[in-house]
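**Student:**
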């Protein structure tokens, strides 16, 4: 690239650089899905003190628990598979070291 740009090239470069590093606006979405509204909306009441935890509905709590249980089961299955592979690889490495030691 030439050290000296003509004004047209410089303007083109400046316009490209001015927009190159400005991110496009992205729509905001919450990470967790919104909970389903109750069958009858409750009137807005005064907020309760924050020191008392709000009890979750049994359906939502059950869903969270089953999701967590499913995640834990999947994780434990992966861990078992990783340990199995690790033991196999360790055994293979020990056998290869033993072979190399004999020669």
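In UniProt numbering, the protein residues as written are 1 to 103.
Where is the CB? At the ideal position from N, CA and C, for every residue including glycine.
Remember, predicted model here, so these are calculated numbers, not experimental data.
#1: Helix, strand or coil for residue 4? Go by DSSP, reduced to three states.
#2: Would you identify the three-state DSSP class for residue 14, choosing helix, strand or coil?
#3: Would you tell me roughly how many angstroms separate the C-alpha atoms of residue 86 and residue 25, rounded to the nearest one?
#4: May I have the straight-line CA-CA distance separating residue 75 from residue 100, to the nearest angstrom?
#5: Given that a residue counts as buried once 16 or more other Cβ atoms are within 10 Å of its Cβ, and exposed if not, what is residue 41?
#6: State the Cα-Cα distance for the pair residue 11 and residue 18, rounded to the nearest angstrom.
**Tutor:** Answer, in terms of the structure:
#1: Note: residue 4 maps to coil in three-state DSSP.
#2: Helix.
#3: If I take the Cα positions, the gap works out to 45 Å.
#4: Going from the Cα of residue 75 to the Cα of residue 100 covers about 37 Å.
#5: Here residue 41 scores only 49 on pLDDT, less than 50, and its place in the model should not be relied on; the value that follows carries that caveat. By the Cβ-count criterion, residue 41 is exposed, with fewer than 16 other Cβ atoms from all chains shown falling within 10 Å of its own Cβ.
#6: A direct Cα-to-Cα measurement between residue 11 and residue 18 gives close to 10 Å.
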